[in-house]
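Per the numbering used here, the very first residue in the sequence shown carries number 9; after that it's consecutive.
Note that CB positions come from ideal geometry on N, CA and C, so glycine has one too.
These numbers were taken from a predicted model, which means no experiment stands behind them.
Have a look at the structure below before the remarks.
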Amino acid sequence: MNQKALKKKSNISEIIIVLIVLSTITALATGLIIKRNNQLNNDGKRKASILEIQKSLENYYGEEGMYPANLDMLIPNYLETKPPDIGDYPYEYMPTSNNITYKLKVKLERPNVEDDYVVDDSGMKYYQVESKQ
Numbered sequence: 009m010n011q012k013a014l015k016k017k018s019n020i021s022e023i024i025i026v027l028i029v030l031s032t033i034t035a036l037a038t039g040l041i042i043k044r045n046n047q048l049n050n051d052g053k054r055k056a057s058i059l060e061i062q063k064s065l066e067n068y069y070g071e072e073g074m075y076p077a078n079l080d081m082l083i084p085n086y087l088e089t090k091p092p093d094i095g096d097y098p099y100e101y102m103p104t105s106n107n108i109t110y111k112l113k114v115k116l117e118r119p120n121v122e123d124d125y126v127v128d129d130s131g132m133k134y135y136q137v138e139s140k141q
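Below, the structure written as structure tokens:
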């Protein structure tokens with residue numbers, strides 16, 4: 009083979025390698041963006057659900073004079089159904105012993121550190137609401 013043919017073959021090989029590398033980087037970046045968007049979407053659903061539960065808890069308090077011992081007591085009069093846990097992130101309802109106040113929280117996948125409701129609880133990030141009474 010002459011040098012011109014070798015150089016042309018070498019250039020084609022380099023172009024193919026560059027295209028493979030770029031394709032791999034693009035695929036990885038796309039996967040990360042999709043994962044991030046799914047996490048943000050799930051966190052948005054969690055926040056909306058926790059606010060819906062909080063509203064139901066306040067309605068319960070308005071009629072009963074105390075908060076329920078557990079979230080199941082809200083169904084069906086105050087909450088049609090309990091919002092489903094998204095992934096392995098259950099809603100944690102913690103009423104005080106006399107059911108006069110509560111905290112309600114859920115772990116977030118991608119917490120926004122500027123969000124007022126994200127608290128640090130032993131290294132975990134949560135969206136948390138508390139009783140309004």
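First through last residue of the beta strand (DSSP E) which encompasses residue i
i      : result
Lys115 : 110 to 115
Span separating the alpha-carbon of residue i from that of residue j
i      : j      : result
Ser31  : Ile41  : 15 Å
Ile61  : Leu87  : 7 Å
Asn85  : Lys111 : 21 Å
Ile25  : Lys43  : 27 Å
Ala56  : Val29  : 41 Å
Gly95  : Val114 : 11 Å
Glu66  : Asn50  : 24 Å
Arg54  : Leu27  : 40 Å
Thr109 : Met74  : 8 Å
Gly70  : Gln136 : 21 Å
For residue i, the three-state DSSP class (helix, strand or coil)
i      : result
Glu88  : coil
Asp80  : helix
Tyr68  : helix
Asp96  : coil
Asn106 : coil
Gly73  : coil
Arg44  : helix
Within-8 Å CB hit, residue i to chain C
i     : result
Lys43 : No chain C is part of this structure, which consists of one protein chain only.
Residues sharing a beta bridge with residue i, DSSP
i      : result
Tyr101 : Leu112
Glu138 : Lys111
Beta carbon of residue i nearer than 8 Å to that of residue j
i      : j      : result
Ser64  : Leu82  : yes
Leu116 : Tyr101 : no
Pro98  : Ala77  : no
Leu48  : Arg118 : yes
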